[in-house]
Amino acid sequence: MNILVLNSGSSSIKYNLWEMNEKKLLCKGLVEKIGMDDSSVTFSVNDKKKTIQKVITDYNEGIELILDIITDKEDGVLKNIKEIDAVGHRIVHGGEKIIQSELVTPEIKKIIDECALLAPLHNPHNLEGIVEIEKVLPGVPNVAVFDTAFHSTMPPESFIYPLPYEFYEKHKIRRYGFHGTSHKYVSLRGAELLKIWHNKFNCITCHFGNGASIAAIKNGISVDTTMGFTPLAGLPMGTRTGNIDPSIILYMIQELGYTPEEVSDIINKKSGFLGISGISSDMREIREAATKGDEKAILTLKIFSHSAKRSITAMTPELDGRLDAIIFTGGIGENSPITREMICQGLSIIGAYLDVDKNNSLRGEGIISKDDSPVKIMLIPTNEELMIALETQKLVGESVYKFNCTDK
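Numbers 10 to 417, taken from our numbering, label the letters of the sequence shown in order.
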């Protein structure tokens with residue numbers, strides 16, 4: 010069974026093609042800068058990468074180009090687009106109505122559209138990817154995999170904000186959480202590596218990239234997470250503030266004269282790592298500057314580590330006294346030993362002891378805690394695209410791969 014996975018962004022389409030009998034990635038790539046003069050598409054098979062510079066005016070053109078490349082006589086991996094059995098789509102926001110991945114129907118498309126109010130930078134483009142692929146692959150089932158769905162299991166005490174209750178009842182203002190597909194994948198893989206049934210597995214998962222969030226997972230389900238009503242909440246990120254005193258926003262508007270639009274731009278696009286360091290939103294550049302003694306770069310690392318450490322320790326009591334593992338993933342979580350080390354300093358209070366040598370040397374997935382650490386510290390590269398393919402496979406009714414921790 011071949012499954013095409015699409016992640017349609019504001020001006021890009023990330024794609025993967027999976028052969029599901031062996032969970033084999035056939036190819037992957039990215040359509041970039043749609044609607045711009047310097048748009049392009051990349052196509053990777055194994056270690057070979059090809060880039061085509063081409064003006065791509067809209068999503069329809071982008072998707073048709075992806076299908077052309079996949080079926081190209083010389084470089085393609087399929088003979089015909091009819092060999093694509095299903096398409097899985099990453100959708101950021103499903104609101105309260107969505108608690109799991111869903112086969113795309115007119116009703117599901119309506120829900121995605123309605124939730125565009127909550128994710129205006131993502132849902133409209135996610136939906137456009139569905140609409141366009143339906144045109145070029147009529148009759149092929151589409152599956153929507155929602156970032157928010159995994160966190161739908163959170164109890165009310167985790168997702169209700171202490172506003173007048175009517176704001177939740179009438180306007181559905183609540184914590185939704187994001188990065189759910191990543192948190193789910195690494196928790197499944199972590200349980201598998203530790204040989205623990207997933208429905209008995211307690212862990213804290215740390216997805217650290219340009220966007221960052223932490224989730225508490227109890228008996229295999231999400232019970233708390235740092236992101237909230239929008240992806241702005243929680244930890245400081247590449248350009249986002251994370252949690253700040255709400256009165257700061259009122260002060261900026263009422264006393265400093267900023268418009269709401271200007272404030273939104275500042276807290277979403279000019280803050281976080283970029284705002285503190287004044288260097289970049291990219292943690293790699295900040296780490297490099299920190300090694301050279303840049304004080305603001307060092308401060309940025311300390312602020313992020315402090316925030317992450319505080320969230321991890323605050324969530325631990327939600328797991329009823331048993332924490333099996335802390336899992337790092339995402340671009341920063343996977344590739345920055347120094348960030349992991351800074352976060353783990355002091356976590357001995359919850360029984361997590363980092364092995365510095367393992368932390369510095371491990372590449373790929375594995376355990377980076379000391380052998381006798383009661384709480385295992387793990388590094389697991391995320392694979393959201395594979396998780397979307399697995400969810401798609403499950404919903405279209407084919408034979409489904411199961412993680413070894415989920416057969417019980």
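Yeah, the Cβ is synthetic: ideal placement off N, Cα and C, and Gly gets one too.
What are the boundary residues of the alpha helix (DSSP H) that residue i is part of?
{"i": "Cys353", "result": "346-353"}
{"i": "Met420", "result": "Outside the modelled stretch of the chain, which goes from 10 to 417, sits residue 420, for which no answer is possible."}
{"i": "Lys367", "result": "365-370"}
{"i": "Val64", "result": "Segment: none, Val64 is in no alpha helix (DSSP H) and carries neither H nor E."}
{"i": "Leu244", "result": "No alpha helix (DSSP H) holds Leu244; DSSP gives it neither H nor E."}
{"i": "Asp274", "result": "269-278"}
{"i": "Phe420", "result": "This structure leaves residue 420 out entirely; the chain is present only between 10 and 417."}
{"i": "Ile288", "result": "Run containing Ile288: none; DSSP gives neither H nor E here."}
{"i": "Leu404", "result": "393-404"}
{"i": "Gly44", "result": "Here Gly44 belongs to no alpha helix (DSSP H), and DSSP marks it neither H nor E."}
{"i": "Val86", "result": "Per DSSP, Val86 belongs to no alpha helix (DSSP H) and is neither H nor E."}
Would you kindly work out how many angstroms separate the C-alpha atoms of residue i and residue j, rounded to a whole number?
{"i": "Met396", "j": "His160", "result": "15 Å"}
{"i": "Val405", "j": "Thr214", "result": "29 Å"}
{"i": "Gly373", "j": "Ile389", "result": "7 Å"}
{"i": "Arg293", "j": "Ile347", "result": "11 Å"}
{"i": "Leu356", "j": "Ile335", "result": "10 Å"}
{"i": "Val232", "j": "Pro269", "result": "32 Å"}
{"i": "Lys209", "j": "Gly85", "result": "43 Å"}
{"i": "Pro115", "j": "Glu123", "result": "12 Å"}
{"i": "Ile12", "j": "Glu350", "result": "38 Å"}
{"i": "Glu83", "j": "Ala125", "result": "40 Å"}
{"i": "Ile75", "j": "Val384", "result": "44 Å"}
{"i": "Asn413", "j": "Asn277", "result": "40 Å"}
{"i": "Gln402", "j": "Thr80", "result": "21 Å"}
{"i": "Ile253", "j": "Ala242", "result": "8 Å"}
{"i": "Val169", "j": "Asn89", "result": "Looking at the sequence itself, residue 169 is Ile, so the reference to Val does not match. Distance between the alpha carbons of Ile169 and Asn89: 49 Å."}
{"i": "Tyr194", "j": "Gly266", "result": "44 Å"}
{"i": "Lys318", "j": "Ile258", "result": "25 Å"}
{"i": "Ile121", "j": "Asn228", "result": "29 Å"}
{"i": "Met236", "j": "Asn55", "result": "35 Å"}
{"i": "Phe337", "j": "Asn211", "result": "14 Å"}
{"i": "Ala128", "j": "Asp380", "result": "43 Å"}
{"i": "Glu400", "j": "Asp67", "result": "28 Å"}
{"i": "Arg296", "j": "Glu343", "result": "14 Å"}
{"i": "Asn369", "j": "Pro326", "result": "29 Å"}
{"i": "Ile376", "j": "His216", "result": "16 Å"}
{"i": "Ser273", "j": "Ile262", "result": "11 Å"}
{"i": "Lys91", "j": "Ser256", "result": "55 Å"}
Tell me, to the nearest whole angstrom, how far the beta carbon of residue i is from that of residue j; I am working on the premise that it is less than 8 Å.
{"i": "Lys63", "j": "Phe52", "result": "Lys63 to Phe52, Cβ: 12 Å. No contact."}
{"i": "Ile386", "j": "Leu363", "result": "6 Å"}
{"i": "Ile100", "j": "Phe155", "result": "5 Å"}
{"i": "Gln109", "j": "Ala153", "result": "Between Ala153 and Gln109 the Cβ distance is about 10 Å, and since that is not below 8 Å, they are no contact."}
{"i": "Ile352", "j": "Ser314", "result": "5 Å"}
{"i": "Leu2", "j": "Lys23", "result": "For the chain, the structure presents residues 10 to 417; residue 2 sits outside this window and is missing."}
{"i": "Thr300", "j": "Ile359", "result": "At roughly 29 Å, the Cβ-Cβ gap does not stay under 8 Å, so Thr300 and Ile359 are not in contact."}
{"i": "Leu172", "j": "Asp333", "result": "Not a contact, Cβ separation roughly 34 Å."}
{"i": "Ile93", "j": "Val149", "result": "6 Å"}
Cutting at 7 Å between CB atoms, please list the residues of its own chain near residue i, excluding the five before and the five after it.
{"i": "Gly218", "result": "Gly339, Gly340, Ile341"}
{"i": "Ser167", "result": "Arg184, Val232, Asp233"}
{"i": "Leu130", "result": "Ser19"}
{"i": "Ser316", "result": "Leu244, Pro245, Gly251"}
Leaving out five residues before and five after residue i in sequence, what residues of the same chain have Cβ atoms less than 8 Å from its Cβ?
{"i": "Asn69", "result": "Glu141, Lys144, Val145"}
{"i": "Asp47", "result": "Gln62"}
{"i": "Met163", "result": "Arg184, Gly186, Ser231, Val232, Asp233, Thr234"}
{"i": "Ser21", "result": "Leu39, Val40, Glu41, Lys42, Ile43"}
{"i": "Lys106", "result": "Ile120"}
{"i": "Gly104", "result": "Ile120, Glu123, Cys124, Leu127, Thr157, Lys181, Tyr185"}
{"i": "Tyr177", "result": "Ile169, Tyr170, Arg183"}
Residue i lies in the beta strand (DSSP E); which residues open and close that run?
{"i": "Phe155", "result": "151-155"}
{"i": "Ile258", "result": "Counting along the chain, Ile258 falls outside any beta strand (DSSP E), though it belongs to the alpha helix (DSSP H) covering 255-263."}
{"i": "Lys227", "result": "221-227"}
{"i": "Glu28", "result": "22-28"}
{"i": "Arg99", "result": "95-100"}
{"i": "Ile139", "result": "Not the beta strand (DSSP E): Ile139 falls in the alpha helix (DSSP H), residues 132-145."}
{"i": "Gly38", "result": "33-41"}
{"i": "Gln109", "result": "Gln109 -> no beta strand (DSSP E), and no H or E assigned at all."}
{"i": "Leu15", "result": "11-17"}
{"i": "Thr338", "result": "334-338"}
{"i": "Phe52", "result": "49-54"}
{"i": "His216", "result": "212-217"}
{"i": "Thr234", "result": "230-234"}
For residue i, verify whether its CB is less than 7 Å away from any heavy atom of the ligand MG.
{"i": "Lys42", "result": "The ligand MG is not part of this structure, which contains no ligands at all."}
Which same chain residues end up closer than 6 Å to residue i when comparing Cβ atoms and leaving out the 5 residues on each side of it in sequence?
{"i": "Gly247", "result": "Asn219, Gly281, Phe282, Ser290"}
{"i": "Lys37", "result": "Asn25, Ser53"}
{"i": "Ser196", "result": "Cys212, Thr214, Ile226"}
- Message: Any contact between the segment 385-403 and the segment 11-19? By contact I mean 3 or more CB pairs, one from each, below 8 Å.
- Response: Yes, the segment 385-403 is in contact with the segment 11-19.
- Task: Report yes or no: do three or more beta-carbon pairs, one from the segment 275-291 and one from the segment 309-318, lie closer than 8 Å?
- Result: yes
- Task: Count the CB pairs spanning the segment 220-228 and the segment 186-196 that are closer than 8 Å, and state whether there are at least three.
- Result: yes
- Task: Evaluate the contact criterion for the segment 133-140 versus the segment 97-115: three or more CB pairs, one atom per stretch, below 8 Å.
- Result: Taking one beta carbon from each stretch, the segment 133-140 and the segment 97-115 have 3 or more pairs nearer than 8 Å; the two touch.
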